[in-house]
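Notes follow once the structure below has been shown.
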């Protein structure tokens, strides 16, 4: 595993904005970095009929997801010129307005960081076995579908 | 020969178990047929199949103690 170049962690519950700030601060000593790109996925309060999404409950097939995250990371280092990358994804309940996905890429010049970040987010959505169950304000629920 | 079957998301709602042991299936087509017979609601759901964590596209021979996961469409992020 490429732990020294970045890591992937499932986080129980929402990703705290303070955690994101700390993650940025931890890169200040890496003075070859000229650009960071960050993607944050936030739980949206969709309206369906009279009900609103109050939260999403995330579950995963952890062993497969960890392999897939590993592949995504390896491919990103092969394909793009990046210095480091980090992925965090929530499991369990994340309320509307809270952060459930944090992708963070760093490179010498901006284009590499931006392109890698976008490619990683697209692959996570398509390839990583995570499921979100939308929980409504009346406590009914339905399985989320990615668009 | 015994296969471990894992279910997730909507599929768990149908099968009511997250893990079950199935014997009598030599390959993934046989396994799916068996599951769809036991749980007819599966037929109207979209899912993919992973054998030992790898998604398969065509009928795949199974070995004793293989793990087959029934994966509804992913919705992470």
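Chains as they are written, first to last, in our numbering: chain A, 15 to 161; chain B, -6 to 70.
Backbone N, C-alpha and C define an ideal beta-carbon position, used for all residues, glycine too.
Pick out whichever of the options has its Cα sitting closest to the Cα of residue i.
i	options	result
residue 31 of chain B	B/50, B/41, B/8, B/21	B/8
residue 136 of chain A	A/76, A/59, A/116, A/57	A/116
residue 91 of chain A	A/129, A/113, A/64	A/129
residue 118 of chain A	A/124, A/107, A/109, A/101	A/101
residue 21 of chain B	B/48, B/65, B/69, B/3	B/48
residue 54 of chain A	A/152, A/104, A/160	A/104
residue 27 of chain A	A/158, A/146, A/127	A/146
residue 120 of chain A	A/24, A/160, A/38	A/38
residue 94 of chain A	A/155, A/150, A/133	A/133
residue 87 of chain A	A/159, A/70, A/23	A/23
residue 14 of chain B	B/70, B/37, B/62	B/62
residue 84 of chain A	A/67, A/161, A/151, A/138	A/138
residue 50 of chain A	A/124, A/161, A/62, A/63	A/124
Please confirm whether residue i and residue j have their CB atoms less than 9 Å apart.
i	j	result
residue 98 of chain A	residue 43 of chain A	no
residue 67 of chain B	residue 141 of chain A	yes
residue 17 of chain B	residue 23 of chain B	yes
residue 111 of chain A	residue 144 of chain A	no
residue 122 of chain A	residue 48 of chain A	yes
residue 70 of chain A	residue 153 of chain A	no
residue 29 of chain A	residue 114 of chain A	yes
residue 160 of chain A	residue 69 of chain B	yes
Would you mind giving the Cβ-Cβ distance between residue i and residue j, rounded to the nearest angstrom? I have them listed as a contact below 8 Å.
i	j	result
residue 75 of chain A	residue 108 of chain A	Actually they do not touch by this definition, with Cβ atoms about 18 Å apart.
residue 78 of chain A	residue 26 of chain B	Actually they are not in contact, since the Cβ atoms of residue 78 of chain A and residue 26 of chain B sit about 24 Å apart, beyond 8 Å.
residue 64 of chain B	residue 40 of chain B	6 Å
Who are the Cβ neighbours of residue i in its own chain at under 8 Å, not counting the five residues just before and after it?
i	result
residue 46 of chain A	97, 122
residue 157 of chain A	145, 146, 147, 148
residue 4 of chain B	35, 38, 40, 63, 64, 65
residue 58 of chain B	-5, -4, -3
residue 66 of chain A	59, 60, 110, 150, 151
residue 127 of chain A	49, 50, 51, 96, 119, 120, 121
Given residue i, which residues of its chain have a CB within under 6 Å of its CB, disregarding the five upstream and five downstream residues?
i	result
residue 42 of chain B	21, 49
residue 25 of chain A	102, 104
residue 12 of chain B	-1
residue 15 of chain A	With a pLDDT of only 38 at residue 15 of chain A, under the threshold of 50, the placement of this residue in the model should not be trusted; the figure read from the coordinates follows. Nothing meets the Cβ criterion.
residue 82 of chain A	141, 142
residue 131 of chain A	51, 53, 117, 119
residue 100 of chain B	Look at the range of chain B in this structure, -6 to 70, and you will see that residue 100 of chain B is not part of it.
Please tell me whether, using a cut-off of 8 Å, the distance from the CB of residue i to the nearest non-hydrogen atom of the ligand ADP is below it.
i	result
residue 136 of chain A	You won't find the ligand ADP in this model; it holds no ligand whatsoever.
Once the 5 residues before and after residue i are set aside, which same chain residues still bring their CB inside 7 Å of it?
i	result
residue 155 of chain A	147, 148, 149
residue 53 of chain B	20, 21, 44
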